[in-house]
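Protein chains in written order, with our numbering: chain A, 1 to 235; chain B, 1001 to 1235.
Report on the following structure.
There are 2 protein chains.
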Amino acid sequence: MTSAAHSPGPQVRTRREEAAEAIRRAIISGDLQPGQRLREVALAGEVGVSRPTLREALRTLVQEGLCEQEPHRGFAVASLDDQAIRDLAETRLVLDRMAIEGIWAAGPDGGGSADSPGYADSGLVGMAAVDAAWSAYVDADSDPVSQHLAHLALHRALWQASGNSMLMRMWPVAESMSTLVLAHDQAVRRDPGRALAVHASLIEAIRSRDPEALDAAMAEHTRRSAEEFLTLRSD
Amino acid sequence: MTSAAHSPGPQVRTRREEAAEAIRRAIISGDLQPGQRLREVALAGEVGVSRPTLREALRTLVQEGLCEQEPHRGFAVASLDDQAIRDLAETRLVLDRMAIEGIWAAGPDGGGSADSPGYADSGLVGMAAVDAAWSAYVDADSDPVSQHLAHLALHRALWQASGNSMLMRMWPVAESMSTLVLAHDQAVRRDPGRALAVHASLIEAIRSRDPEALDAAMAEHTRRSAEEFLTLRSD
DNA sequence: ATCCCGTGATTGTCAGACAATCACGTTGGC
DNA sequence: GCCAACGTGATTGTCTGACAATCACGGGAT
Chain A
1 MTSAAHSPGP
11 QVRTRREEAA
21 EAIRRAIISG
31 DLQPGQRLRE
41 VALAGEVGVS
51 RPTLREALRT
61 LVQEGLCEQE
71 PHRGFAVASL
81 DDQAIRDLAE
91 TRLVLDRMAI
101 EGIWAAGPDG
111 GGSADSPGYA
121 DSGLVGMAAV
131 DAAWSAYVDA
141 DSDPVSQHLA
151 HLALHRALWQ
161 ASGNSMLMRM
171 WPVAESMSTL
181 VLAHDQAVRR
191 DPGRALAVHA
201 SLIEAIRSRD
211 PEALDAAMAE
221 HTRRSAEEFL
231 TLRSD
Chain B
1001 MTSAAHSPGP
1011 QVRTRREEAA
1021 EAIRRAIISG
1031 DLQPGQRLRE
1041 VALAGEVGVS
1051 RPTLREALRT
1061 LVQEGLCEQE
1071 PHRGFAVASL
1081 DDQAIRDLAE
1091 TRLVLDRMAI
1101 EGIWAAGPDG
1111 GGSADSPGYA
1121 DSGLVGMAAV
1131 DAAWSAYVDA
1141 DSDPVSQHLA
1151 HLALHRALWQ
1161 ASGNSMLMRM
1171 WPVAESMSTL
1181 VLAHDQAVRR
1191 DPGRALAVHA
1201 SLIEAIRSRD
1211 PEALDAAMAE
1221 HTRRSAEEFL
1231 TLRSD
């Protein structure tokens, strides 16, 4: 299917999930800034849910790393230091590589297990999902948030295609941390063409099954995603 | 518990955390078995908290991977298939290696960042914490649950000593999955001497800073933790 | 036997309330 | 005048109770 990725209706959407995603979006858009404290009553009113439901949603975000919670001091949007950004880039590099090796090991067929509870993907599995995500990334709007989401979707598809259930479990953490990086410095949102080229070579390396090409592409990918953030921030 | 990591009072213990840990313990001890459905009212009564608080605790466990939740069908203890166990072992190998390289990179000094919010460790940082965890592992009671906890504490100290904040964020997932493996097949709990030897060579390799020795030790460690489970289960 | 429908049970969510704790401005002492 | 103890409001952590929505299950009609 060409238009693949528009979500057709992911089964059931509880209010808790709606609230969590609303807050995630608010963080992506910069509406809620890192370090900002979250007052439960006010936020519950804005999101349109009750306080217990909001707390459940916030607990989810805490687990993902998007928010922090200190006893009797409540919730706040998490903030990152430079080292954390570097750690994220480095760790994601390692796990990206692991995912790709998993894809290769799975062979030319789909590979990925069909039963992936929790994430409502587009129904595709394995490398086909990666291709779809790649197309979506290429065709994404120039708007920074759309680009970010498409970028995340590509990496998510990668991890999912690996069929490694451990990677799938850990993905939400990686995704949230990446989102937090974006939220941490809005200046990150530029030079999309370069990012596209980097990922193109990455995808190409995956398709070619050439470990050396993969090495080069991934090193470039990671170096970019780390150093870009840091240089921009220290300016 | 008598052995090592007796928590001296990690600041504040909310009822939610107490409830979460009570359920974790129930899963470790086999009191709650994988796949078993969790009725909220009954469980809230047993744990001694209200239903909203219990739900917050369960949400935490869901995020960690210890439990599952389907809309309008409630919570259940998660269950693993063989592939998931293999994935866990493989992924943990990669991240263990990453953690150790981080420790090496940090140098002979502590290295690990002192500000580690969330986890109440023993106050030690870096390799010192690893040594302490290793001692605790060696001195641990023969009781399987204590052994399991000491084993987890060792690996947690490893990840924490790396100073990689991304690893620290992902650790709860790894820990819960490991616990789930233990809960999945109680027969896993034997041959502690062998496990001790494997970890001894691992620790020795870390201290020696010899990459080749590390390779050997880690391969052995992982092969053991994966194959043991699988052979036992398929018996 | 198969399908439809009612009934009970369980979950998702809400509203309101209370004690415990924290943040902060005020008062008193030196 | 400056610092410390104090009281006050605000916010969180938690509880109780309740209600609609949905699911699981069994009985009856065809």
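Ideal Cβ positions, reconstructed from N, Cα and C, are used throughout, including at glycine.
Once DSSP output is grouped into helix, strand and coil, what is the label at residue i?
{"i": "G45 of chain A", "result": "helix"}
{"i": "R209 of chain A", "result": "coil"}
{"i": "G1059 of chain B", "result": "The sequence given here has Arg at residue 1059 of chain B, not Gly. In the structure shown, R1059 of chain B sits in a helix (DSSP, three-state: H, G or I)."}
{"i": "G74 of chain A", "result": "strand"}
{"i": "Q1069 of chain B", "result": "strand"}
{"i": "L1038 of chain B", "result": "strand"}
{"i": "Q1033 of chain B", "result": "coil"}
{"i": "G163 of chain A", "result": "coil"}
{"i": "R1013 of chain B", "result": "coil"}
{"i": "D141 of chain A", "result": "coil"}
{"i": "S176 of chain A", "result": "helix"}
{"i": "S1201 of chain B", "result": "helix"}
{"i": "S1135 of chain B", "result": "helix"}
{"i": "S1146 of chain B", "result": "helix"}
{"i": "E21 of chain A", "result": "helix"}
{"i": "A1114 of chain B", "result": "Any reading at A1114 of chain B must be qualified, since the residue scores a pLDDT of 46, below 50, and its modelled position is unreliable; no value is offered."}
{"i": "A1219 of chain B", "result": "helix"}
Between residue i and residue j, how many whole angstroms is the CB-CB distance? I'm expecting something under 8 Å.
{"i": "V47 of chain A", "j": "I23 of chain A", "result": "7 Å"}
{"i": "D99 of chain A", "j": "W159 of chain A", "result": "The amino acid at residue 99 of chain A is misidentified as Asp; the sequence shows Ala. The Cβ separation is near 5 Å, so the contact holds."}
{"i": "A1157 of chain B", "j": "V1130 of chain B", "result": "5 Å"}
{"i": "L1214 of chain B", "j": "A1205 of chain B", "result": "4 Å"}
{"i": "E64 of chain A", "j": "P172 of chain A", "result": "5 Å"}
{"i": "R15 of chain A", "j": "T60 of chain A", "result": "Going by Cβ atoms, the distance from R15 of chain A to T60 of chain A rounds to 13 Å, so no, they are not a contact pair."}
{"i": "S1178 of chain B", "j": "L1066 of chain B", "result": "10 Å between Cβ atoms; not a contact."}
{"i": "M218 of chain A", "j": "L95 of chain A", "result": "Their Cβ separation, rounded to whole angstroms, is 11 Å, which puts M218 of chain A and L95 of chain A out of contact at 8 Å."}
{"i": "Q147 of chain A", "j": "A153 of chain A", "result": "Rounded, the Cβ-Cβ distance is 11 Å, inconsistent with contact."}
{"i": "A44 of chain A", "j": "R51 of chain A", "result": "5 Å"}
Measure the CB-CB distance between residue i and residue j and report whether it falls below 9 Å.
{"i": "V1049 of chain B", "j": "A1057 of chain B", "result": "yes"}
{"i": "I1027 of chain B", "j": "A1174 of chain B", "result": "no"}
{"i": "F75 of chain A", "j": "Q69 of chain A", "result": "yes"}
{"i": "A161 of chain A", "j": "G102 of chain A", "result": "yes"}
{"i": "A136 of chain A", "j": "A150 of chain A", "result": "yes"}
{"i": "D87 of chain A", "j": "M1166 of chain B", "result": "yes"}
{"i": "P144 of chain A", "j": "A78 of chain A", "result": "no"}
{"i": "R1025 of chain B", "j": "D1031 of chain B", "result": "yes"}
{"i": "G1193 of chain B", "j": "G1163 of chain B", "result": "no"}
{"i": "M170 of chain A", "j": "M1170 of chain B", "result": "yes"}
{"i": "A1195 of chain B", "j": "R1223 of chain B", "result": "no"}
Please report the residue range of the alpha helix (DSSP H) in which residue i lies.
{"i": "L95 of chain A", "result": "82-106"}
Next item on the list: Using a Cβ-Cβ cut-off of less than 7 Å, give me the residues of the stretch 146-178 of chain A that come near chain B, in sequence order.
Entry: N164, S165, M166, L167, R169, M170, V173, M177
Checklist line | Members of the stretch 1084-1099 of chain B that neighbour chain A once the beta carbon cut-off is set at 8 Å | finding: A1084, D1087, L1088, E1090, T1091, R1092, V1094, L1095, M1098
Margin query: So if I threshold CB-CB distances at 7 Å, which residues from the stretch 1035-1065 of chain B count as touching chain A?
Written below: P1052, R1055, E1056, R1059, T1060, Q1063, G1065
Next item on the list: Determine which residues of the stretch 1203-1229 of chain B have a Cβ less than 7 Å from any Cβ of chain A, and write them out in chain order.
Entry: none
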